[in-house]
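Novice: Quick one: this structure, given as structure tokens, is what I'll be asking you about.
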Amino acid sequence: MEVVTPAGVSSVEPRVAKLGFFARVAANPARDWVLLFLAIQCLVDLDGHINTHSRWATMVAMAEDHSFRIDKYKEQTIDWSQTPDGYYYSNKAPGPALLGYPLFYLMDKISTHGAKSREERDQKRLEDRRTVLHALSVATQAIPYGLIVFLLIAALQRMGLPTRALHVAALALLFGNTGSLFMNTYFGHGMATMFVAALLLAWHKNRPLLVGLFFGLATLCDYSSALLLLPLLWFLWRRPGTRLRCFGRFLLGGVAPAAAFAAYHKHCFGSPFSLANKFQNPAFVDVAKDVPNLWGVLRLIPRPGVVADLLWSTQRGLLYTQPWVLLCLLIVPFLFWRKSGWLPEQRAFVKWTSVVATLGLILLLGMNASFGGWHGGATPGPRYLSIAFPALALAMTGIYIRVGEFWRQALLVTLVVSVVLFVLVYSTDELLAQPDDPLLPFYFNLLLGGRGKNLSRCLFVVLGFAWAGWRAFHHVRREEGGC
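Quick look at the structure:
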């Protein structure tokens, strides 16, 4: 029997609940998009250069010297910190190196098998470095993220949200945000985005223990993830009657990541709260001494001009990289006062995801605008804002069903802009655009200057989208037509 929501949307929950496991997988709107995403991630290898080499150096030092010191490998990257005792360490958050090390160790043993000296082992490591980092990225970021997106869309499907909105959410999560661009490289932003998506799924499932665990792991991978603590604590406090129990479980879930965070920073930098930025490579100490700052890399007062650049500049602005984000932020405030027209669960879901995304994005903008190197160096977008986008992509499902046809078309068009950027990036061998390069012209020039190689890869990616889009079109027609 069909269940109709107040918004006139057919609920698929009773029908989906009766299906077997494989039938539910087949009925999930994200299925084909996830398959396309994983195929692209496996077949395309983007080089992350010196940023990813910093974490590679840490893992090699762990395998060779049983140490976090990268003194023997600091020439492979400029992303290092030097402590007062003269030792060198990666200047990155330690999560990806710590979590990826078991798989790296296995691949390293295979790579260096038969080498008798350290020099021979290091030479083989350099030869296989790009392949090893790509395999790590796919195994620890892309595959888990694809699974999490699949489960998130399944959860939204059970809430009775329309099929077309679920396809839109899948596109935004997998192809339409800066975080998804980094799933192919070991920058750390991809892994942090993956854990934030897992956090959102755990929150929806009412699992505060897992929320705490995934929040801690996200912070271990990207320090800026700690800024999400404010909206998370606000929502925990708003839970009537169970707030203390939820808060306790949240803290318990974060114990292991917090212990790893404290132990690593105590061992390397002398204090559990002493970050690598304090001992940054002098090349990155770029804030003028007469400006109030922290460690010469972080201003105490954000710069309004940088906020404007992050919002609409051609180099890093949201307007050119993911304009659907700005459109969602514009629409959201006009929806909450309207309580009628959708199910309470749907309204609550859109409310908490959009609040987490909005508060998180505001805090991240402030932090990003305080960096001396606010642009993030060579990057395909505003990478320091990446972790805020999954929550807004989920909120967009509810926004999509509550707005008129004009705004739905606007959401689709702005999302297509982001997908085009994804296609351009993954059609080339070069992930990283320099700070002064307008992103879209930069990748278009790379695409056309690749002597056929880039164009053939672009054709492969576009055909993949055509296949998944055609199947999505028929899926929507079948579901909405009741066939």
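First residue of the sequence shown: 2, per this note's numbering; consecutive thereafter.
Positions of the beta carbon are idealized from the N, C-alpha and C atoms, including for glycine.
In chain order, what residues of the same chain lie with their CB nearer than 6 Å to the CB of leucine 276, ignoring the 5 residues before and after it?
Specialist: Position 275 of the sequence shown, counting from 1, holds the residue named residue 276. Closer than 6 Å at Cβ, skipping near neighbours: no residue.
Novice: Answer with buried or exposed for tryptophan 375, where buried requires no fewer than 16 other C-beta atoms within 10 angstroms of its C-beta.
Specialist: The residue given as residue 375 occupies position 374 in the sequence shown. Under this definition tryptophan 375 is a buried residue.
Novice: Once the 5 residues before and after threonine 398 are set aside, which same chain residues still bring their CB inside 6 Å of it?
Specialist: Counted from its first residue, the sequence shown places residue 398 at position 397. The residues are Leu157, Leu162, Ala166, Ala170.
Novice: State buried or exposed for threonine 359, treating a residue as buried only when at least 16 other CB atoms are found within 10 Å of its CB.
Specialist: Numbered from its first residue, the sequence shown carries residue 359 at position 358. With 16 or more other Cβ atoms within 10 Å, it is buried.
Novice: What is the DSSP secondary structure of glycine 465, reduced to helix, strand or coil?
Specialist: Here the question's residue 465 lines up with position 464 in the sequence shown. Helix, per DSSP.
Novice: Please tell me whether serine 55 and aspartate 80 are closer than 8 Å, where the distance is taken between their beta carbons.
Specialist: Indexing the sequence shown from 1 puts residue 55 at position 54. Indexing the sequence shown from 1 puts residue 80 at position 79. In contact: serine 55 and aspartate 80 (Cβ atoms closer than 8 Å).
Novice: By a C-beta neighbour count over all protein chains shown, 10 Å radius and 16 as the cutoff for buried, is glycine 9 buried or exposed?
Specialist: Within the sequence shown, the letter at position 8 stands for residue 9. Residue placement at glycine 9 is poorly supported in this model, since its pLDDT is 40, which falls under 50; the coordinates still yield a value, given next. So glycine 9 ends up on the exposed side.
Novice: By alpha-carbon positions, which one of Glu121, Val414, Ala227, Cys43 ends up nearest to leucine 200?
Specialist: As a first step, residue 200 must be located in the sequence shown, where it is residue number 199. Of the listed residues, the one whose Cα sits closest to leucine 200 is Ala227.
Novice: If you draw a straight line from the alpha carbon of lysine 75 to that of glycine 101, how long is it in whole angstroms?
Specialist: On the sequence shown, residue 75 is found 74 positions in, with the first residue counted as 1. On the sequence shown, residue 101 is found 100 positions in, with the first residue counted as 1. Their backbone Cα atoms lie some 20 Å apart in a straight line.
Novice: From glutamate 3 to arginine 479, what does the alpha carbon distance come to, in whole angstroms?
Specialist: If you number the sequence shown from 1, residue 3 lands on position 2. If you number the sequence shown from 1, residue 479 lands on position 478. Note that glutamate 3 has pLDDT 35, beneath the 50 cutoff, so the model's placement of it is unreliable and the number below is only indicative. Computed Cα separation, rounded: 15 Å.
Novice: Output yes or no for whether 8 Å exceeds the beta carbon distance between leucine 432 and alanine 389.
Specialist: As a first step, residue 432 must be located in the sequence shown, where it is residue number 431. As a first step, residue 389 must be located in the sequence shown, where it is residue number 388. Cβ distance not < 8 Å, so leucine 432 and alanine 389 don't count as in contact.
Novice: What does a CB cutoff of less than 6 Å around leucine 39 pick up in its chain, not counting 5 residues either side in sequence?
Specialist: Translated into the one-based positions of the sequence shown, residue 39 becomes position 38. Here the set comprises Gly147.
Novice: Span of the beta strand (DSSP E) holding tyrosine 90?
Specialist: Against the sequence shown, residue 90 aligns to sequence position 89. Where tyrosine 90 is concerned, the enclosing beta strand (DSSP E) stretches over 89-91.
Novice: Quick one: Cα of leucine 320 to Cα of tryptophan 313, how far?
Specialist: Taking the first residue of the sequence shown as 1, we reach residue 320 at position 319. Taking the first residue of the sequence shown as 1, we reach residue 313 at position 312. Their backbone Cα atoms lie some 5 Å apart in a straight line.
Novice: When DSSP labels each residue in this structure, what does phenylalanine 188 get in the three-state scheme?
Specialist: Translated into positions along the sequence shown, residue 188 becomes position 187. Of the three classes helix, strand and coil, the one that applies to phenylalanine 188 here is coil, per DSSP.
Novice: For threonine 132, is the classification buried or exposed, using 16 other Cβ atoms within 10 angstroms of its Cβ as the cut-off for buried?
Specialist: For this step, residue 132 is matched to residue 131 along the sequence shown. It counts as exposed.
Novice: Looking only at C-alpha atoms, which of Trp471, Met63, Leu395, His475 sits nearest to tryptophan 204?
Specialist: The residue labelled residue 204 in the question sits at position 203 within the sequence shown. The residue with the shortest Cα to Cα distance from tryptophan 204 is Leu395.
Novice: Would you grab the beta carbon distance between glycine 96 and leucine 218 for me? Rounded to a whole angstrom, and I think it's under 8 Å.
Specialist: Walking along the sequence shown from the start, residue 96 turns up at place 95. Walking along the sequence shown from the start, residue 218 turns up at place 217. 6 Å between Cβ atoms; contact.
Novice: When we look at the beta-carbon of asparagine 207 and count the other beta-carbons within 10 Å, is it buried (16 or more) or exposed?
Specialist: Working through the sequence shown from its first residue, we reach residue 207 at position 206. Per the 10 Å Cβ criterion, exposed.
Novice: Below 8 Å, can you find three or more Cβ-Cβ pairs linking the segment 263-278 to the segment 340-354?
Specialist: No: the two stretches stay apart, fewer than three of their Cβ pairs being nearer than 8 Å.
Novice: What does the alpha-carbon distance come out to for the pair phenylalanine 474 and glutamate 481?
Specialist: To locate residue 474, count along the sequence shown from 1; it is residue 473. To locate residue 481, count along the sequence shown from 1; it is residue 480. Rounded to the nearest angstrom, the two C-alpha atoms are 11 Å apart.
Novice: Going straight from the alpha carbon of leucine 311 to that of arginine 119, what length do you get?
Specialist: One-based indexing of the sequence shown puts residue 311 at position 310. One-based indexing of the sequence shown puts residue 119 at position 118. Cα to Cα, leucine 311 sits roughly 45 Å from arginine 119.
Novice: Got a sec, what are the start and stop residues for the beta strand (DSSP E) glutamine 83 sits in?
Specialist: For the purposes of this step, residue 83 is taken as residue 82 along the sequence shown, with counting starting at 1. Residues 81-83.
Novice: List the residues that DSSP assigns as beta-bridge partners of aspartate 48.
Specialist: In the sequence shown, the residue the question calls residue 48 occupies position 47. Looking at the DSSP assignment, aspartate 48 forms a beta bridge with Glu431.
Novice: From the DSSP secondary-structure annotation, give me the bridge partner or partners of arginine 70.
Specialist: One-based indexing of the sequence shown puts residue 70 at position 69. DSSP lists no partner for arginine 70.
Novice: Going by DSSP in three states, glutamine 77 sits in which element: helix, strand or coil?
Specialist: Counting from one through the sequence shown, the residue named residue 77 turns up at place 76. If DSSP states are grouped into helix, strand and coil, glutamine 77 belongs with the helices.
Novice: Tell me which residues share the same chain as valine 418 and place their Cβ nearer than 7 Å to its Cβ, disregarding the 5 neighbours each side in the sequence.
Specialist: As a first step, residue 418 is located in the sequence shown; it is residue number 417 there, counting from the start. Counting only Cβ-Cβ distances below 7 Å, and skipping sequence neighbours, we find Pro324.
Novice: Just the Cα atoms here: how many angstroms apart are serine 82 and arginine 25?
Specialist: Start at 1 with the first residue of the sequence shown, and residue 82 comes out as number 81. Start at 1 with the first residue of the sequence shown, and residue 25 comes out as number 24. Taking the straight line joining both Cα atoms gives about 49 Å.
Novice: Extract the residue ranges of the alpha helix (DSSP H) inside the segment 370-417, only unbroken runs of 4 or more that lie entirely within it.
Specialist: For the segment 370-417, whole alpha helix (DSSP H) runs of length 4 or above, ordered along the chain, are 390-403.
Novice: Between Thr354, Val288, Ala261, Val426, which has its C-alpha nearest proline 232's C-alpha?
Specialist: Locating residue 232 in the sequence shown gives position 231, where the first residue counts as 1. Considering only alpha carbons, the answer is Thr354.
Novice: Evaluate isoleucine 400 with the Cβ neighbour count: other Cβ atoms within 10 Å of its Cβ, from every protein chain shown; 16 or more gives buried, anything less gives exposed.
Specialist: Stepping through the sequence shown from its first residue, residue 400 is reached at position 399. By the neighbour-count rule (16 or more Cβ atoms within 10 Å), isoleucine 400 is buried.
Novice: So what does DSSP say about arginine 488, is it helix, strand or coil?
Specialist: The chain is shown from 2 up to 484; residue 488 falls before or after that span and cannot be answered.
Novice: For valine 212 versus glycine 271, is the C-beta distance shorter than 8 Å?
Specialist: Walking along the sequence shown from the start, residue 212 turns up at place 211. Walking along the sequence shown from the start, residue 271 turns up at place 270. The answer is no: Cβ separation not under 8 Å.
Novice: Between the C-alpha atoms of phenylalanine 262 and serine 91, what's the straight-line distance to the nearest angstrom?
Specialist: Within the sequence shown, the letter at position 261 stands for residue 262. Within the sequence shown, the letter at position 90 stands for residue 91. Going by the C-alpha atoms only, they are around 14 Å apart.
Novice: What residues are listed by DSSP as bridge partners for leucine 295?
Specialist: As a first step, residue 295 must be located in the sequence shown, where it is residue number 294. Leucine 295 pairs with Leu299.
Novice: Identify whether glutamine 281 lies in helix, strand or coil by the three-state DSSP scheme.
Specialist: Residue mapping note: residue 281 aligns to position 280 of the sequence shown, counting from 1. It is a strand residue.
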